[in-house]
Every structure is written in structure tokens, then in C-alpha cells.
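Trainee: Next up is a structure, given as C-alpha cells.
Residue numbers (the working numbering): 31 to 139.
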């Protein structure tokens with residue numbers, strides 16, 4: 031039982047990471063194409079901010095989904111604790127990445 035749970039958790043985490051990476055790539059592509067079309071800086075800034083916000087929202091949604099899945103799967107306390115730890119780590123990673131993105135955007139303008 032425990033092994034199955036661990037495997038499922040790992041798969042879910044990997045899937046989420048892949049999806050997140052794909053989303054980020056898409057966002058970057060969109061931003062680059064949009065900015066190349068647009069000339070004014072203010073519009074660019076607005077677009078970038080919008081993209082970042084959307085990204086953060088998407089991440090949060092994914093996290094919530096993962097949490098729900100975990101709740102459904104887990105009845106054991108220890109595994110729940112481990113899950114919470116993993117969640118916190120992922121959330122921290124997401125926040126740091128978004129912050130770095132913001133900083134990069136600021137540097138550009």
C-alpha cells in the first residue's frame with residue numbers, strides 16, 4: 031500500500047513539474063511574440079505583469095488540485111506530513127521563480 035502511494039505521489043509531482051515548465055515556456059513565447067509586435071514600453075510592462083499574474087494563478091490552481099488529490103489518497107498521518115513538506119517546497123520554488131521573472135522583467139526596462 032505504502033509503496034503504491036509513494037509511486038503515485040512521485041508521478042503526480044513529476045506531472046505537475048512538467049506542466050509548470052510547459053506553461054512557463056508558453057508564457058515566455060507569448061510574451062516575446064507580443065512584445066516584438068508592440069512598440070510602447072508601458073503596454074509591454076502591462077503584458078508582462080499580466081503574464082506573471084496568470085502564471086502564479088495557474089501554479090496555485092495546480093497546487094490546490096494536488097492537495098485535493100493527496101487528501102483523497104491519504105489516510106495515514108506520516109505520509110500526509112511528507113506530502114505537506116513536498117507541497118511547501120514546490121510552492122517555495124514557484125514563488126522564487128516568479129520573483130526572479132519579475133526581477134528580469136524590471137531589468138529589461
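The beta carbon of each residue, even a glycine, is placed where N, CA and C say it ideally should be.
Out of 39, 37 and 53, point me to the one whose CA is closest to residue 124's CA.
Mentor: Counted from its first residue, the chain shown places residue 124 at position 94. Residue 124 has its Cα closest to that of 53, out of 39, 37 and 53.
Trainee: Are residue 81 and residue 63 close, meaning C-beta to C-beta below 8 angstroms?
Mentor: Here the question's residue 81 lines up with position 51 in the chain shown. Here the question's residue 63 lines up with position 33 in the chain shown. The answer is no: Cβ separation not under 8 angstroms.
Trainee: Roughly how many angstroms separate the alpha carbons of residue 20 and residue 116, rounded to a whole number?
Mentor: In the structure displayed, the chain extends from 31 to 139; residue 20 sits before or after that span and is not available.
Trainee: Buried or exposed: where does residue 131 fall if 16 or more other Cβ atoms within 10 Å of its Cβ makes it buried?
Mentor: If you number the chain shown from 1, residue 131 lands on position 101. Buried, by the Cβ-count rule.
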